[in-house]
Each structure stands twice: as structure tokens, then as C-alpha cells.
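**Q** Residue numbers (the UniProt record's numbering), protein chains in the order written: chain A, 1 to 323; chain B, 1 to 323; chain C, 1 to 323; chain D, 1 to 323. Built from N, CA and C at the ideal position, the CB exists for glycine as well. Attaching a single structure in C-alpha cells format; questions to follow.
4 protein chains.
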Amino acid sequence: MKKIAVFTSGGDSPGMNACVRAVVRSAIFNGLEIYGIRRGYNGMIKGDIFKMESSTVSNIIQRGGTILKSARSKDFVTKEGRQQAYNQLKEHGIEGLVAIGGDGTFTGANLFYEEFGIPTIGAPGTIDNDLYGTDFTIGYDTAVNTAIYAIDKIRDTADSHERVFFVEVMGRDSGYIAIPCAVGGGAEIVMIPETKTTIEKVVDALKTGWSRSKTSFIVIVAEGDEEGSAVEIAAKVQKEIPQMDARVTILGHVQRGGAPTAADRMLASQLGIACVEGLLAGRACEMAGIVNSELVYTPFIETITKVKALNPNYGRMIDILSV
Amino acid sequence: MKKIAVFTSGGDSPGMNACVRAVVRSAIFNGLEIYGIRRGYNGMIKGDIFKMESSTVSNIIQRGGTILKSARSKDFVTKEGRQQAYNQLKEHGIEGLVAIGGDGTFTGANLFYEEFGIPTIGAPGTIDNDLYGTDFTIGYDTAVNTAIYAIDKIRDTADSHERVFFVEVMGRDSGYIAIPCAVGGGAEIVMIPETKTTIEKVVDALKTGWSRSKTSFIVIVAEGDEEGSAVEIAAKVQKEIPQMDARVTILGHVQRGGAPTAADRMLASQLGIACVEGLLAGRACEMAGIVNSELVYTPFIETITKVKALNPNYGRMIDILSV
Amino acid sequence: MKKIAVFTSGGDSPGMNACVRAVVRSAIFNGLEIYGIRRGYNGMIKGDIFKMESSTVSNIIQRGGTILKSARSKDFVTKEGRQQAYNQLKEHGIEGLVAIGGDGTFTGANLFYEEFGIPTIGAPGTIDNDLYGTDFTIGYDTAVNTAIYAIDKIRDTADSHERVFFVEVMGRDSGYIAIPCAVGGGAEIVMIPETKTTIEKVVDALKTGWSRSKTSFIVIVAEGDEEGSAVEIAAKVQKEIPQMDARVTILGHVQRGGAPTAADRMLASQLGIACVEGLLAGRACEMAGIVNSELVYTPFIETITKVKALNPNYGRMIDILSV
Amino acid sequence: MKKIAVFTSGGDSPGMNACVRAVVRSAIFNGLEIYGIRRGYNGMIKGDIFKMESSTVSNIIQRGGTILKSARSKDFVTKEGRQQAYNQLKEHGIEGLVAIGGDGTFTGANLFYEEFGIPTIGAPGTIDNDLYGTDFTIGYDTAVNTAIYAIDKIRDTADSHERVFFVEVMGRDSGYIAIPCAVGGGAEIVMIPETKTTIEKVVDALKTGWSRSKTSFIVIVAEGDEEGSAVEIAAKVQKEIPQMDARVTILGHVQRGGAPTAADRMLASQLGIACVEGLLAGRACEMAGIVNSELVYTPFIETITKVKALNPNYGRMIDILSV
């Protein structure tokens with residue numbers, strides 16, 4: 001293997017640049033030529049491919065977003081699109097790929113390998129942390145910290161006005177972001193897709209709190225909660241407690257950006273190196289991850305199909321801590 | 001004058017605590033006894049009044065929110081409510097008040113002075129910066145910085161995905177927060193209540209940008225813009241440009257909290273001292289402010305009725321900077 | 001067991017307050033009375049002990065430092081001092097202790113248990129991360145993030161002026177803080193107590209870098225490095241390369257303060273609960289920690305005597321990433 | 001005038017990039033060609049000059065440091081060096097210059113204009129804020145905020161351990177940075193070059209504080225204080241109060257970097273535009289600044305020779321606030 005390429009795909013996450021940097025430098029360290037592909041599979045199809053040097057990735061370790069841009073590709077879903085992508089890679093002499101992204105990215109890479117034999121090793125780049133095969137995904141720690149520091153600011157005003165704040169954080173399918181936000185943000189209640197928390201339970205918790213002379217409350221809502229969005233949940237609770245002075249805040253896309261935390265830079269650096277070394281070792285269609293402090297490679301098929309369960313103790317923690 | 005009291009009222013803003021601290025310490029420095037009143041006029045009516053010492057305000061200069069809590073008072077609007085407030089103050093022997101708040105707060109204080117002769121000096125505590133009589137209000141600089149650092153994060157993801165972001169910032173009646181967010185956030189377009197910016201103009205600006213190969217855009221929307229909220233404006237623009245990949249973020253209450261900036265701590269400290277010294281000098285019904293680096297006292301009636309106009313050059317700045 | 005007490009001891013670390021909060025609330029959740037002891041063993045000897053309620057720990061989860069204060073105690077080293085401490089605890093009816101601190105704290109607790117039979121469970125509160133029995137100590141993640149964000153700022157000016165910066169971070173006996181600072185801060189060289197890095201090697205690395213047209217460099221120095229402090233190392237290198245434009249920055253005590261990160265709040269909360277539950281389960285002289293995502297209790301004697309080795313791969317990572 | 005060039009010179013400061021961006025975009029807005037010169041006068045002499053487009057300055061408004069690099073030039077001090085610089089500019093057809101820097105930069109530009117007739121307009125880019133002709137220099141607000149947030153962290157640990165911290169901030173000739181750090185950082189004492197504060201006064205202040213049961217103290221020292229560095233001052237005080245538990249922290253170069261604050265981005269943007277418009281209006285050898293919210297141009301000779309006096313009230317403020 002002489003030439004490899006790296007791309008980012010799917011929703012961007014903080015630390016993707018740190019990972020790109022690690023891929024580029026470890027490729028060079030190992031005597032490989034390294035190329036960047038812009039806009040994920042779209043750029044692969046269009047041949048938006050360029051040679052990267054060590055200096056191309058200078059001073060990017062601390063930057064949010066991705067210098068390689070990201071996009072979802074409709075064309076790569078078609079056989080014709082993948083054929084074009086293969087032609088472009090062949091033309092550039094690229095023999096292996098490093099993909100930084102999530103489920104969708106790895107599904108495409110799997111298919112591409114079956115059809116055209118170009119091996120891909122993946123790094124888990126997503127703030128959602130819901131990928132099997134790694135304790136943490138690149139960007140998750142940063143997203144959680146961004147959310148918690150925002151919640152700290154909200155608590156300032158919640159306390160001053162003795163209000164109930166419903167704060168919506170990211171997490172369409174899981175409470176991975178919501179849980180540490182609730183624990184670390186000092187929230188009284190958390191509502192996540194994995195657990196059924198009824199409106200009655202929220203109403204009870206608020207009433208119990210007031211009876212114990214708590215005067216302000218934070219309710220963390222994962223965007224995919226079964227009771228609806230933060231706006232909907234606040235409205236339902238308001239109906240039961242008309243005198244409640246409530247506000248809703250949706251943290252939104254700020255959670256995707258920003259300088260990555262130390263942990264995300266470290267993880268991204270480790271996994272970027274592991275992707276290149278995995279390719280050199282002849283691996284294909286595997287995701288590099290860290291499980292219990294050890295580097296592991298997990299077949300894409302497992303990362304896509306297996307579910308990483310949330311620690312069930314966290315609900316109890318929040319009950320204890322909001323006493 | 002031997003005893004005075006301080007309270008915070010209206011929407012909370014970062015730096016209120018720094019101002020409370022300055023009021024307390026300069027009162028003590030000047031040999032006065034100083035009391036705190038909780039929850040603004042509500043606490044005055046209920047007698048929620050307590051003696052403050054120098055140590056009561058230790059280690060609060062950096063904290064968002066207000067340790068004195070804040071609330072809007074329905075009862076103070078009535079003569080009966082004000083009578084009760086007066087009775088409470090009299091009972092505690094309080095001869096002067098420092099009010100940290102905005103328009104509504106000062107209106108009440110004016111009336112209260114006419115009826116009961118208790119003088120109030122005010123400090124402008126609001127993130128909105130729309131008070132006549134001071135170049136900046138306490139909390140404004142922090143709110144703008146909070147918004148800009150959030151926009152920095154949004155730009156990371158906007159660039160990575162080549163999207164158009166509509167970001168709503170606070171400002172029901174003015175563009176004071178929106179303008180520096182647009183200039184400092186590197187936005188292409190700003191929509192504020194003071195200036196009419198049509199949907200056509202936004203559409204044109206986006207199309208011109210794309211034609212110059214700009215790939216991502218940030219549109220800052222003050223919540224009080226005449227074209228509607230960020231959600232509404234994004235929908236209107238989307239209708240004209242169906243292929244636009246747009247997202248909306250509402251920064252919301254995070255703008256109210258957080259550790260105050262250096263400028264807000266300095267301003268809050270100066271004005272807190274000025275309030276106490278104003279009372280001691282026999283002033284009443286005036287707001288302390290800084291205009292062109294000079295301390296000035298402005299009658300409440302002027303701060304309430306006069307309009308502080310936004311610098312009209314800012315629109316041109318954004319046109320230039322987004323070339 | 002009906003009454004327990006909590007104290008913080010040794011160097012303070014961010015997250016101690018989050019841990020105190022968790023101890024207090026889980027004690028109350030479990031029907032215990034909970035007391036706070038100020039200034040560690042000194043307060044225990046002097047009887048500076050007070051009852052804590054749920055509200056005592058409201059709104060402290062995000063605060064750096066420790067509301068219980070911390071100190072090193074000379075008197076507790078003596079039998080007489082410990083006797084006085086025991087008398088005070090007995091007088092208050094305290095039957096168990098939660099100690100948040102490090103090696104010295106646990107050594108004292110061990111002795112105290114042998115002599116007087118009061119059981120202590122410990123939580124690892126130190127930024128140094130050098131305690132056996134937990135993957136991370138409370139405060140470590142925050143300290144590393146604080147250092148990395150400072151290094152980001154230094155890199156701005158290093159790049160602008162094309163200088164070599166020698167940045168000293170905490171770590172008298174280990175490179176636990178220096179290593180992620182070097183990886184995440186994009187440093188070219190790291191000097192830690194565990195590994196011998198000669199001045200010649202630094203000189204070579206700089207010369208190689210310049211020959212590859214690198215123009216600015218960051219050298220991270222753990223304060224306990226065998227070649228000396230950052231000031232001394234910079235002077236030695238300067239002697240070999242007189243034309244080098246170098247600067248030294250010592251990050252110092254800023255690394256001890258600040259709002260704890262999400263990970264530190266989560267860890268502190270988990271371990272605070274675990275300390276109380278450990279006492280209730282009849283444990284004594286053990287430290288609660290998280291190893292590979294699992295809660296474990298490790299005898300104090302092991303945390304004090306066993307060494308937690310640094311991952312030896314990190315040196316190689318820095319070589320690769322600074323290519 | 002058809003072609004102009006921009007460069008940064010002297011110590012870098014946060015907001016220089018925002019200013020470069022504004023210069024580039026307003027040049028293009030006004031139909032000019034715009035060039036960048038790397039490494040200040042050094043690059044001018046060597047012809048390190050390149051054409052800039054609007055996209056060259058995309059996404060730099062938030063970045064610390066300067067993409068144009070900065071350096072002090074020994075060669076520009078010589079007539080021969082300036083002749084070479086002139087030749088280079090002539091070769092590129094450059095008719096006007098925008099210099100972002102401080103005293104030294106403007107002195108050189110003055111001489112250069114006298115000899116070769118190339119007009120320069122300057123923007124005040126320095127964290128020191130000691131330039132006559134503008135209320136604030138670009139980077140000052142950011143440097144002060146960086147310092148204050150660091151002092152917040154130090155206060156956490158100062159409080160926890162009840163220590164005296166001597167914190168050294170930048171300011172070789174003035175207390176411009178030290179004063180807001182002391183006011184906003186809640187310091188008890190400030191030592192600046194403009195005012196004589198004796199060691200006796202520090203000792204007295206500490207003793208008075210302890211007698212009022214203050215337990216921790218922050219002393220802010222401007223690096224140019226006449227009593228010496230923070231290390232020296234701490235040692236002198238320690239000699240008088242042997243039992244004092246003191247620590248020293250030197251904030252150092254972190255104050256130079258980091259994302260600029262809102263105020264610095266706004267100021268840098270305004271002044272960058274003003275520099276270009278000044279050149280177009282036929283101005284030369286003047287610095288653009290903002291005084292009392294108004295744009296003013298001040299001859300370089302005045303910015304160099306006149307002294308901007310520190311507000312003398314600040315000392316009194318700190319006395320009041322540390323009561």
C-alpha cells in the first residue's frame with residue numbers, strides 16, 4: 001500500500017480535524033502518500049481529491065468542524081455512483097481509505113469494499129456516542145461539555161427568577177448526551193428515549209421539589225424523547241401546573257462546533273493513527289475504537305447492527321442527586 | 001442617611017452581582033448600613049429584607065444571575081402595594097434605595113419617590129443596552145460575547161456542511177445585540193427592528209454570495225425583527241430558494257447567564273459605587289451611567305422616555321465585511 | 001450508622017464541590033445525617049464541624065475549589081492530634097467519614113481507623129491522576145482542559161512570531177498532565193519524569209523541525225522533569241542554539257481552579273454516591289474509583305503503595321503526530 | 001490609488017486577524033487590489049508579498065494571532081533596508097500601506113513616508129492599550145478578559161487554601177491591564193508602574209484584611225511595577241510576614257492569544273475599514289482610533305509622543321471594593 005485517502009462524512013463533530021491530522025501525519029510517518037477527499041462520498045465521486053502534506057494539517061487540532069467538509073451523498077447509494085467513486089480512486093492510485101463518520105458512512109464503505117475491494121478503516125466521528133465498538137465517539141465529550149456550560153448559564157437565570165427550564169439537548173435515539181447534562185448540569189429531571197418518563201412523573205417531581213422549598217428546576221430533554229420535544233413537554237406540564245413559570249431552551253447546533261476538549265483530541269489522535277496502522281496491517285471494513293482503555297477494531301457490520309446500551313444506573317443517580 | 005437597601009429587578013443580567021457587591025462595599029466604606037431586598041419590589045412589599053456585610057458579597061463578582069433574585073411585581077403597581085413597601089422600609093429604617101434594573105424598575109421608583117419620598121438611584125442592569133443615559137448597560141457586553149462564541153461554534157458546522165444558518169439573538173425592540181453579533185460573528189446578513197430588510201434582500205444576498213463561491217452563510221436575526229422570528233424568516237427564504245440547506249438556532253436564555261466579562265465587572269463596579277455616592281450627595285430618581293468614559297446621572301424620566309439610537313453606520317459595515 | 005461527615009484535604013481540585021454535593025445528597029437520600037468538616041483534619045481536630053442540608057450544596061456543582069476549604073494538617077500527624085479529632089467526632093456522634101483527597105489524606109485515615117475505629121471511605125480528589133485504583137482522579141480532566149486551552153492561546157502567539165515556547169505544566173512525579181497537553185496541544189516535544197529526554201534530543205528535534213520548514217514549536221515540560229524546570233531547560237537549549245527565539249510560560253495554579261468539566265462532574269457524582277454506599281455497606285479504609293467503567297473499591301494501602309503506570313505508547317504518538 | 005498592502009508588526013494581539021479581514025474586504029469593496037506582507041517590515045524588505053482575495057480572510061475573524069505573522073525588523077532601521085522595502089513595494093505597484101501594530105511600527109512608517117512618500121495609515125494592534133489616540137487598542141479587551149478568567153480560577157484555589165496569591169499580568173510601562181484585572185478579579189491590592197505602592201502598604205493591607213477575617217487575598221502586579229516582579233514582591237512581603245502562605249502566578253503569554261472578544265472584533269473591524277478609507281481620502285502617517293465612540297485619525301507623531309493617562313480614580317475603586 002502506497003497511497004491512501006481520508007474523508008469525513010455525516011454530521012460533523014468536534015475532533016474530526018484532530019483525527020484528520022493524525023491520519024495525515026501517521027501516513028507520512030509510515031512512508032505513505034496521503035490524499036484528502038472533500039465532502040465525503042460526493043467528493044470521491046466527483047474526484048475532489050488532493051494531496052496532503054504534514055503542513056496541510058498544521059494548527060487544525062484545536063478547530064471545530066472539518067477542513068475536508070462533510071455531506072450526505074445520494075449518489076453513493078447507487079451502483080453507478082460507487083463505480084464513479086472507484087474510477088476516481090483508481091485514477092489517483094488510492095488503495096485504501098480512512099473514513100471519519102458514523103453508521104451511514106460505514107454502511108457505504110462496507111458495500112464499496114464488497115464491490116470494488118478498496119479497504120476502509122473507520123473512526124467514529126459523531127457527537128451522539130451511539131456507536132458500538134468504542135466507549136466514546138470523537139466529538140461526544142466536547143458536545144457534552146458545550147451543553148453543560150450552556151446549562152450553567154441557564155441555571156444562573158433560572159435561579160434568579162425561580163423558574164422551571166426545559167432544556168433540549170441533542171439525542172434523537174439515545175440519552176447519551178442528556179444523561180451527563182442532567183447529572184453535571186444539576187438537573188432535577190431527565191427525559192430520554194430509552195426510559196419512559198411520564199408527564200405525571202415530571203409534575204410530581206416539581207411539586208415535591210416545591211414542597212421541599214426548591215425554587216428553580218432544570219429538566220433536560222433529549223430531542224428524541226417519546227413525550228415530544230422540550231416545547232411540547234413544557235406545554236403538557238404547564239397544562240397540569242398553570243402557575244408554573246417555565247421557559248424552553250433548545251441548545252441546537254452549538255453542540256456540534258467549538259474547539260474539541262482534551263479527551264476528544266486525544267481520542268481522535270489515537271484513532272487516526274490506529275486507522276492508518278489498521279490499513280497497513282491488512283484490515284478492512286473495521287472501525288477503530290477504544291474500549292476499556294484498549295484499542296480495538298470492530299467490524300463495521302457490528303458497529304452498525306449492535307446497540308451500545310446506556311448504563312442503567314444513571315437514572316438512579318439523578319434521583320439521588322436531586323434530593 | 002444611615003441605612004440604605006439594594007435590590008435587583010426585571011430580567012437578570014450578568015454583572016448584577018458585581019454591582020450588588022460594589023453597592024454593599026461602598027456603603028460600608030462610607031459608613032452606611034446596607035440591606036438587601038430579595039425578589040425586587042415583591043420582597044420590598046413582603047419585607048424580605050436582610051442586613052448585608054462585606055463578606056455577604058465575597059466571591060460573587062464572577063457569578064452570573066443575582067444573589068438577590070429578581071421578579072416582576074404586580075402588587076407594586078397598586079398604591080396599596082407601594083404603601084406596604086413603604087411601611088416595610090420604614091420599619092427597617094431604610095432611607096434610600098439602589099435599584100439595579102431597567103425601564104420598569106425605574107418607572108416604579110419614580111412613582112414611589114413622588115408618593116413616599118424615598119430616593120432611589122438606579123444602575124442599568126439589562127442585557128438589552130437600550131437605556132438612554134449610558135453607553136452600555138450592565139450585562140450587555142457579556143450577552144454579546146456569549147452569543148458570539150456560540151456563533152463561532154455554529155460557523156464551524158455551517159462551514160463543514162456548507163449551510164445557511166439563521167441565528168436568532170435577543171433584542172425585542174432593538175438590534176443592539178444583533179449588530180455586534182453580525183459584525184463579530186462574521187455574518188453575511190443582519191435583520192433588526194430598526195431597519196427594514198426584506199426577504200428579497202436576503203434572497204439576493206445569498207444568491208450573490210453563491211455566485212462569488214461563498215458556500216456557507218450566517219444570518220443574524222434580532223428576535224423583534226419585523227419579518228418575524230428566525231424560524232419564520234428561514235421558512236420565507238426557503239420558499240424562494242427551495243434548494244437552500246438551512247438550519248435555525250435560537251440562542252435564547254444562555255445569553256442571560258454566565259460569568260460577566262471584564263467590561264461588565266468594571267462597569268458594574270463603577271456604577272454600584274456611583275449609586276451609593278449619588279444617594280449620599282442627595283440625588284434621587286436618577287440613573288448612574290457612563291457616557292464617553294464619564295460618569296453621568298440621568299433622571300429616570302429621561303432614561304424611560306428618550307431613545308438611545310443605534311449607530312447607523314453598522315449596516316454599511318456588514319455590507320463591506322461580507323464582500 | 002446514623003451520622004457521617006465529609007471533608008476535603010490536600011491540594012484542591014475542580015470537582016471537589018460536585019463530590020461534596022453527591023456525598024451530602026446521597027447521605028440524605030439514604031436517611032443519614034450529614035456533617036461537613038472545614039479545612040480537612042485541622043477542622044476535625046478543632047471541631048469545625050457543621051450540619052449540612054440538601055440546600056447547603058445547591059448550585060455548587062459547577063464551582064471550582066471546595067466550599068469545605070482544604071489544608072494540610074501538622075497536628076493530625078501526632079497521636080495527640082488524632083485523639084482530639086476522635087473526641088470531636090465522638091461529641092458530634094459521627095460514625096463514618098468520607099475523605100476527598102489524595103495519598104496523604106488516605107494515609108492519615110488508615111492510621112485513624114486502626115487507632116480509633118472510625119471508618120473512612122475516600123474519593124480521589126487531585127488533579128495529578130497518579131492514584132492507583134481509578135482510571136481518573138477528580139479534577140484531572142479539568143486541569144488538562146484548562147492547560148490545553150491555555151496552550152491553544154500560546155500557539156497563536158508562537159505561530160505569529162515563529163518562536164519556540166517551553167510550557168511548564170503540573171506534574172511533580174508524573175507526566176499524566178503533560179502527555180495529553182502535548183498530544184492535544186499539538187506540541188512537538190514532551191519532557192516528563194517517567195522518561196529520559198535529553199537536551200540533545202530536544203536540540204535535534206528542533207533542528208529537524210526547522211529543516212522541514214516548521215517555524216514554531218511547543219515543548220511541554222512536566223514540572224518534575226529530570227532536566228529541570230521549563231526555565232532551566234529553555235536555558236540549556238538556548239545555550240546549544242543561541243539564535244533560537246524562545247519564551248517560557250509556567251501555567252501554574254490556574255490548572256487547579258475553574259468550573260469542572262462534564263467528565264469530572266460525572267466522576268465526582270458517581271464517587272460521592274459510592275463513598276456513602278460503601279460506608280453503609282460496612283467498608284472502611286478504601287478508595288472508590290472507576291476502572292474500565294466499573295466502580296471499584298481499593299484498599300487505601302494499595303492506592304498509597306501501588307503505582308499507576310502511564311501508557312507507554314504516548315511517547316510514540318507524539319513522535320508520529322509532530323512529523 | 002489602485003493597490004495597497006497590509007501587514008502586522010510588533011507583538012501580536014487578538015483581533016489582528018479581524019482587522020486584516022476588514023482591511024482586505026473594504027479594499028475590495030472600494031475597488032482596490034489588496035496585498036498581504038508577511039512578517040512586518042522584514043517581509044517588505046524581502047518581498048514576501050502576496051495578493052489577497054476576500055476568501056483569503058474567510059473564517060479568521062475569530063482566530064488569535066495573525067495570519068500575516070509578525071516580527072521586529074532590525075534591517076528596516078537602516079536606510080538601506082528601507083530602500084529595499086521601497087523597491088519591493090514599487091515592483092508590486094503598491095501605493096499605500098495599512099500597518100497594524102504599535103509605537104515602533106508607526107515610527108518606522110513615519111520615516112518611510114518622509115523618505116519615500118508611501119503613505120501609511122495605522123491601526124492600534126497591541127494588548128497594552130497605551131497608545132494615545134484611541135480609547136482602546138485592538139487586543140486589549142481580550143487580554144484583560146483572558147487574565148480575569150485565569151484570576152477566577154486562581155481565586156478558587158486561593159479561597160480553598162486561604163492563601164495570598166501574587167498574580168503578575170502584562171504591562172511593562174502601565175497598569176492598563178492590571179487595573180481591570182484587580183477590579184474585575186476581586187483583588188485586594190494592585191501594584192502598577194504609575195503609582196507608588198510600597199511593600200509596607202501591602203503588608204498593612206494584608207494585616208487589616210486578616211483582622212477583618214478575610215482569609216484569602218489576590219495581589220495583582222503589573223510586570224513593570226517599581227517594586228519588582230511578582231516573585232520579588234512576594235519575597236519582600238514574605239520577609240515581613242513569615243507565616244504568610246503565599247503563591248506566585250505569572251500569567252505570561254496566554255494573555256496574547258485566544259479568540260478575540262466581541263469588543264475587539266468590532267473595534268478591529270471598524271478600524272480596518274477606517275484605515276482603507278483614510279488612505280483613499282489622501283491621509284498619511286495617521287492612526288485610526290475610536291475616542292468617545294467617534295472615529296478619529298491621530299498623527300503618528302502624536303500617538304508616539306503623547307501619553308494616554310490612566311484614569312486616576314481606579315485606585316480608589318479598589319480601596320472601596322476590597323473593604
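Determine the chain B residues that contact D:Pro-180 at a beta-carbon separation under 7 angstroms, and present them in chain order.
**A** What D:Pro-180 touches in chain B: Ala-262 and Met-266.
**Q** Mapping DSSP to helix, strand and coil, what is residue 324 of chain D?
**A** Residue 324 of chain D falls outside the range modelled here, since chain D spans only 1 to 323, and no answer is possible.
**Q** Consider the C-beta atom of A:Ala-288 and the heavy atoms of the ligand MN; say whether any pair is separated by less than 7 angstroms.
**A** This structure lacks the ligand MN; in fact it carries no ligand of any kind.
**Q** For A:Arg-316, does the count of other Cβ atoms within 10 angstroms reach 16, so buried, or fall short, so exposed?
**A** Burial call: exposed.
**Q** By the DSSP assignment, the beta strand (DSSP E) with D:Val-291 in it spans what residues?
**A** Here the beta strand (DSSP E) through D:Val-291 covers 286 to 291.
**Q** Could you tell me the distance, in whole angstroms, from the CA atom of A:Ser-211 to the CA atom of C:Ser-269?
**A** Near 25 angstroms, if we compare the C-alpha coordinates of C:Ser-269 and A:Ser-211.
**Q** Taking D:Phe-7 as the reference, give the member of D:Ala-71, D:Pro-14 and D:Arg-25 with the closest Cα.
**A** Looking at the Cα atoms, D:Ala-71 is the closest of the given residues.
**Q** Quick one: which chain B residues come within Cβ less than 8 angstroms of D:Ala-22?
**A** Going along chain B in sequence order, the residues near D:Ala-22 (Cβ under 8 angstroms) are Ile-320 and Leu-321.
**Q** In chain B, which residues lie with their C-beta within 7 angstroms of the C-beta of D:Met-52?
**A** Chain B residues near D:Met-52: none, gap ~12 angstroms exceeds 7 angstroms.
**Q** Do A:Ala-27 and A:Val-276 have their C-beta atoms closer together than 8 angstroms?
**A** Cβ distance < 8 angstroms, so A:Ala-27 and A:Val-276 count as in contact.
**Q** Any chance you could list the alpha helix (DSSP H) runs of at least 4 consecutive residues sitting entirely within the region 73 to 101 of chain D, in chain order?
**A** Complete alpha helix (DSSP H) runs here, min 4: 79 to 92.
**Q** Given C:Val-291, which residues of its chain have a CB within under 8 angstroms of its CB, disregarding the five upstream and five downstream residues?
**A** Hits under 8 angstroms: Gly-133, Thr-134 and Asp-135.
**Q** To the nearest whole angstrom, what separates the beta carbons of A:Leu-271 and A:Met-1, a pair I think is in contact under 8 angstroms?
**A** The Cβ separation is near 19 angstroms, so there is no contact.
**Q** In whole angstroms, what separates the C-alpha of C:Val-221 from that of C:Met-44?
**A** Rounded to the nearest angstrom, the two C-alpha atoms are 38 angstroms apart.
**Q** Could you confirm whether any beta carbon from chain A is found closer than 8 angstroms to the beta carbon of B:Lys-214?
**A** Cβ-Cβ to chain A under 8 angstroms: no for B:Lys-214.
**Q** Between A:Lys-46, A:Ile-127, A:Leu-251 and A:Asp-103, which has its C-alpha nearest B:Glu-168's C-alpha?
**A** Considering only alpha carbons, the answer is A:Leu-251.
**Q** At the level of alpha carbons, what is the spacing between B:Val-231 and D:Gly-96?
**A** Going from the Cα of B:Val-231 to the Cα of D:Gly-96 covers about 45 angstroms.
**Q** Measuring only between beta-carbons, confirm whether C:Asp-245 sits less than 8 angstroms from chain A.
**A** So no, C:Asp-245 is outside the interface.
**Q** In whole angstroms, what is the alpha-carbon distance linking D:Asp-319 and B:Ala-99?
**A** Each residue's alpha carbon lies about 23 angstroms from the other.
**Q** Does C:Arg-172 get closer than 8 angstroms to chain D when you measure Cβ to Cβ?
**A** With 8 angstroms as the cut-off, C:Arg-172 does not count as an interface residue toward chain D.
**Q** Provide the residue span of the beta strand (DSSP E) that contains residue 327 of chain A, from first to last.
**A** Lying before the first or after the last residue shown, residue 327 of chain A is absent from chain A, which here runs from 1 to 323.
**Q** Check the Cβ-Cβ distances between D:Arg-38 and every residue of chain C, and say whether any is below 8 angstroms.
**A** So no, D:Arg-38 is outside the interface.
**Q** Could you give the distance in angstroms between the alpha-carbon of D:Gly-184 and the alpha-carbon of A:Gln-88?
**A** Looking at the two C-alpha atoms, the distance is approximately 58 angstroms.
**Q** Consult DSSP for D:Lys-46 and reduce its assignment to one of helix, strand or coil.
**A** Looking at D:Lys-46 - three-state DSSP - the assignment turns out to be helix.
**Q** How would you list, in chain order, the residues of chain C whose beta-carbon sits under 8 angstroms from the beta-carbon of D:Gly-257?
**A** Under the 8 angstroms cutoff, chain C gives Asp-152, Lys-153, Ile-154, Arg-155, Asp-156 and Thr-157.
**Q** Using DSSP bridges, identify the partner residues of C:Ile-220.
**A** Looking at the DSSP assignment, C:Ile-220 forms a beta bridge with C:Val-167 and C:Val-190.
**Q** Going by DSSP, what residue range makes up the alpha helix (DSSP H) through B:Gly-104?
**A** 103 to 116 is the extent of the alpha helix (DSSP H) around B:Gly-104.
**Q** Quick check on A:Asn-129: buried or exposed, where buried means 16 or more other Cβ atoms within 10 Å of its Cβ?
**A** Buried, because 16 or more other Cβ atoms sit within 10 Å of the Cβ of A:Asn-129.
**Q** Residues of chain B with CB closer than 7 angstroms to the CB of D:Gly-81, please, in chain order.
**A** Those within 7 angstroms of D:Gly-81 in chain B number zero; the least Cβ separation is about 34 angstroms.
**Q** Name, in chain order, the residues that DSSP records as bridge partners for C:Arg-247.
**A** Partner(s): C:Phe-165.
**Q** Could you tell me the distance, in whole angstroms, from the CA atom of D:Thr-197 to the CA atom of C:Asp-264?
**A** Their backbone Cα atoms lie some 41 angstroms apart in a straight line.
**Q** Beta carbons nearer than 8 angstroms to chain C: which residues of the region 59 to 85 of chain A have them?
**A** Flagged, chain order: Asn-59, Ile-61 and Gln-62.
**Q** Per DSSP, what are the beta-bridge partners of A:Asp-125 in this structure?
**A** First, the residue type needs correcting, since residue 125 of chain A is Gly and not Asp in the sequence shown. Note: A:Gly-125 sits in a beta bridge opposite A:Ile-138.
**Q** Would a check of beta-carbon distances place D:Asp-141 closer than 8 angstroms to chain C?
**A** Chain C contact via Cβ: absent.
**Q** Going by the beta-carbon positions, is the gap between D:Pro-124 and D:Gly-289 smaller than 8 angstroms?
**A** Taking 8 angstroms as the Cβ cut-off, D:Pro-124 and D:Gly-289 qualify as a contacting pair.
**Q** Counting Cβ pairs closer than 8 angstroms, one from the region 101 to 116 of chain D and one from the region 57 to 68 of chain D, do we hit at least three?
**A** No contact exists between the region 101 to 116 of chain D and the region 57 to 68 of chain D.
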